[in-house]
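Undergrad: Once you've had a glance at the structure underneath, I'll fire off some questions.
In the numbering used here, the protein residues as written are 2 to 186.
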């Protein structure tokens, strides 16, 4: 494989990796926006439910105080209003329990979203690290900072295997070849 084709391959690999990273970043940004939107909706819902609970508690307090006030004034209490108040209290207590359950579910979903977000942030960091590695590798290949092989050591090993010296025809041919290699770089 020629140097130009390797360079072209590395450039294509870098472009593919950059497109992949851009896609991952967009997905992570969308997931984060969705999580933030869901979180905002949950917080708004929680605020509304808390206000409603406060109203119910105030109503409950007023209903508890009503019999004491009528008893203290010496006037007989209205049985029909007491029954209606009792039914209202039961309804309110049922609604409070329902709201508490919804609140627990919302908090659980919020924790799950936070875990997903943390996982996506870690994946993004891994992708960026891999992209940096590929960018560095391509930069080294395009600038020609390759480790130069030790041509003389290879020449000496080859001549020793052939059991000939540097002044032999083979030795001179290898020296000429090494000179051409160095000149071409």
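The beta carbon of each residue, even a glycine, is placed where N, CA and C say it ideally should be.
Compute the Euclidean distance between the alpha carbons of residue 77 and residue 50, then round it to the nearest angstrom.
TA: Note that residue 77 scores 46 on pLDDT, short of 50, meaning its location in the model is unreliable; the coordinates nonetheless yield the value given after this. The alpha-carbon atoms of residue 77 and residue 50 are separated by roughly 36 Å.
Undergrad: Here's the rule I'm using: 16 or more other beta-carbon atoms within 10 Å means buried, otherwise exposed. How should residue 106 be labelled?
TA: Its Cβ having fewer than 16 others within 10 Å, residue 106 is exposed.
Undergrad: Should residue 167 and residue 156 be called a contact, given that it needs their Cβ atoms to be closer than 9 Å?
TA: Yes, the Cβ-Cβ distance between residue 167 and residue 156 is below 9 Å.
Undergrad: Just to confirm my understanding: we take residue 17, look at its own chain, exclude 5 residues before and 5 after, and list those with CB closer than 6 Å. What are they?
TA: Closer than 6 Å at Cβ, skipping near neighbours: no residue.
Undergrad: By DSSP, does residue 24 sit in helix, in strand, or in coil?
TA: Note: residue 24 maps to helix in three-state DSSP.
Undergrad: Straight-line CA distance for residue 118 to residue 36?
TA: Straight-line Cα distance between these residues: approximately 8 Å.
Undergrad: Going by Cα to Cα distance, which pick from 124, 163, 122, 61 is closest to residue 95?
TA: The candidate whose alpha carbon is nearest that of residue 95 is 61.
Undergrad: Need the endpoints of the alpha helix (DSSP H) that residue 185 sits in, please.
TA: Taken as a continuous stretch (DSSP letters only), the alpha helix (DSSP H) holding residue 185 covers 170–185.
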